[in-house]
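Notes to accompany the following structure.
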Amino acid sequence: MRLSLRLNGNAVRAFHVALAERLSLLPGVELCVDARPAAGGVPRAAEALFQLETLIHRLPANGTARRVPISTLAGHARASAPADLTIDLVGDVGQGGKVWRLAYDGVCGEEALLALILAGRTPRARLEQNGATVVEGRLGTEYHGIALASFQDVLARTASLIVAAVAGAARSHLPVLPEPPSGAAPPPMPSATKLGVRAAKATARRIVQQIYHLCYNAPHWRVGWRETAGKDLYDLRAHPQSGWHDLADDGSRFYADPFPVLYRGQVTLFVEDYIHRTGKAILSAVAFGPNGPAGAPKPVLELPYHLSYPFVFERDGEMWMVPESGANRTVDLYRATAFPGGWIREATLLSDIVASDATLVEHRGRWWMFATVRDGGGAFSDQLHLWSAPDFRGPWRPHPKNPLLIDIASARPAGRMVSRGGQLLRPVQDCRRSYGAALGIARVTRLDDTGFEQVVETILNPGAGWAGRKLHTLNEAGGLEFIDGSAIAPRWKQAQRRKSMPTGRGDKQ
172 MRLSLRLNGN AVRAFHVALA ERLSLLPGVE LCVDARPAAG GVPRAAEALF QLETLIHRLP
232 ANGTARRVPI STLAGHARAS APADLTIDLV GDVGQGGKVW RLAYDGVCGE EALLALILAG
292 RTPRARLEQN GATVVEGRLG TEYHGIALAS FQDVLARTAS LIVAAVAGAA RSHLPVLPEP
352 PSGAAPPPMP SATKLGVRAA KATARRIVQQ IYHLCYNAPH WRVGWRETAG KDLYDLRAHP
412 QSGWHDLADD GSRFYADPFP VLYRGQVTLF VEDYIHRTGK AILSAVAFGP NGPAGAPKPV
472 LELPYHLSYP FVFERDGEMW MVPESGANRT VDLYRATAFP GGWIREATLL SDIVASDATL
532 VEHRGRWWMF ATVRDGGGAF SDQLHLWSAP DFRGPWRPHP KNPLLIDIAS ARPAGRMVSR
592 GGQLLRPVQD CRRSYGAALG IARVTRLDDT GFEQVVETIL NPGAGWAGRK LHTLNEAGGL
652 EFIDGSAIAP RWKQAQRRKS MPTGRGDKQ
């Protein structure tokens, strides 16, 4: 297939080079690039804002948005023969022949994308042919409020969407969610004056953030728990009137990603145990009863790299765990030899991959693994991949339609999947406002070797029933239900707690 990539030669970015390289590597694709100069593009005032943000936030200088010489595309000279398919990133290609036009909320061009980001909107990217949607995705970022970082994340995921579409793997429609109607007018690009004001506010906000970090441990998460009395959040679809109890921490660390398991009549809770001093998390566990935890969580697994999301399950009379180890670029399977500790690595299920929150489920005689994957940069939370295997130990093979979903609102797992009435329910993270901002409950309507579909039925937000700004994990075992979210942890209270602790106890400082 002869594929033409139309882009603005006046504003060639590393994103375009990476996209061209990825497209040219697809089997059967002969790529050429049409890089004639075009009107529009990101204004100079916005580029100045990018430079300021690079400085004050210490962003890397080699991001996907960096400008590069047009000569970097010389290996993909414009072909003389007509293309079988043209991918139009500018919006100026006529409708003769097969043309896929990229639009963000209905408007073409990177200026439209940046305007959406500056307005705080979640960009909805579509490849359209004669007005009909070919593929679409909700593109996200973990860096809300930083225009350049957000812009680069969305550009990187735009490349993933385009490559998946050409390879025939991306989906054509997204789950319906509460959001601005598709006919809502896209925001205009702010004027140079307004961008200057934004730059001044960005500097002031960064100073405030630095002061805040001197006074508080941030981010700081907390775990909530309760007895379900037979009615869990899948039944209630709202926060319980009885509220939640907090799992206490000493201020020097936070607990997150709660995974309880009922084993031999005892509920044991596993958590990410993040130590602020080291900037790295280990995995800890604590026994739980109806009256709460039997003490503080104790370390059960520590490795040289960051660990989180301790997906624990029982199988064949033994306890197994698949923790998140994206920092090691692996997905590993561990077995307990002295539960709740004594974890030894049994197998590496996936390697050379940055996968977040790997979640396993057995469905119709086959094992499935869900995780979001960061490829070519971009967000960690908006691109869902699946794998399947005859046994949880493997071998795992990728789904032929990966990525199955590009959606910052419903791609990333948020806990174990559960079966109700013969159907799978899947907790998902809604990261449109920020990472882990809300919890969705999705019903899986299709899961097989040819595709995956889900319907997001409920979105739970923090508020009166769960104070804070975050809500991003849901798990249950033995009649106890657990969630997590954000908390405020003043550093001076941490110091007071340490001062009041008796000596000689062996507490980890």
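Offset between the sequence shown (1-based) and our numbering: plus 171. Glycine included, every Cβ here is placed at the ideal spot set by N, Cα and C. Model, not experiment: these values are computed from the prediction.
Measuring straight from C-alpha to C-alpha, what distance separates Arg229 and Thr399?
So the alpha carbons of these two residues sit roughly 45 angstroms apart.
Got a sec? Which residues, its chain only, sit under 8 angstroms from Gly291 by beta carbon, not counting five neighbours each side?
These residues qualify, in order along the chain: His315.
Excluding five sequence neighbours on each side, which residues of the same chain lie with their C-beta closer than 7 angstroms to the C-beta of Lys572?
For Lys572, where only same-chain residues beyond five positions count, the Cβ hits under 7 angstroms are Ala340, Gly622.
Whole angstroms is fine: what's the gap from Leu244's alpha carbon to Gln554's?
Taking the straight line from one Cα to the other gives about 27 angstroms.
Pairwise C-alpha distance: Leu595 and Gly634
The straight-line gap from Cα to Cα measures roughly 27 angstroms.
Option nearest Asp420 by Cα separation, candidates Arg328, Gly650, Val394
Val394
For Leu474, which of helix, strand or coil comes out of DSSP?
coil
Under 6 angstroms Cβ to Cβ from Phe430, same chain only, skipping five residues before and after it: list those, please.
Phe441, Pro481, Val483, Asn646
Residue burial classification, Tyr383 (beta-carbon count within 10 angstroms, cutoff 16)
Exposed.
Per the DSSP calculation, Tyr505 is bridged to which residue(s)?
Met492, Arg516
Can you pull the DSSP bridge partners for Thr449?
According to DSSP, Thr449 bridges with nothing at all.
Return helix, strand or coil for Gln266, following the three-state DSSP convention.
coil
Whether Ile524 touches Val544 by CB criterion (8 angstroms)
yes
Complete alpha helix (DSSP H) runs within the segment 400-451 (minimum length 4 residues, chain order):
404-407
Hey, Leu174 and Val305: beta-carbon distance below 8 angstroms or not?
no
Lys365, DSSP secondary structure in three states:
Looking at Lys365 - three-state DSSP - the assignment turns out to be helix.
Quick check on Lys372: does DSSP put it in helix, strand or coil?
Here Lys372 sits in helix by DSSP.
Does the beta-carbon distance from Asn181 to Ala219 come in below 8 angstroms?
no
Start and end residues, alpha helix (DSSP H) containing Arg328
318-338
Considering just the uninterrupted stretch of the beta strand (DSSP E) at Val589, what are its terminal residues?
589-591
Closest Cα partner of Leu332 within the set Asp324, Glu307, Glu281:
Glu307
Leaving out the 5 sequence neighbours to the left and right, which residues in its chain are closer than 6 angstroms to Ala409 when beta-carbon positions are compared?
In its chain, beyond the 5 residues on either side, no residue has a beta carbon closer than 6 angstroms to the beta carbon of Ala409.
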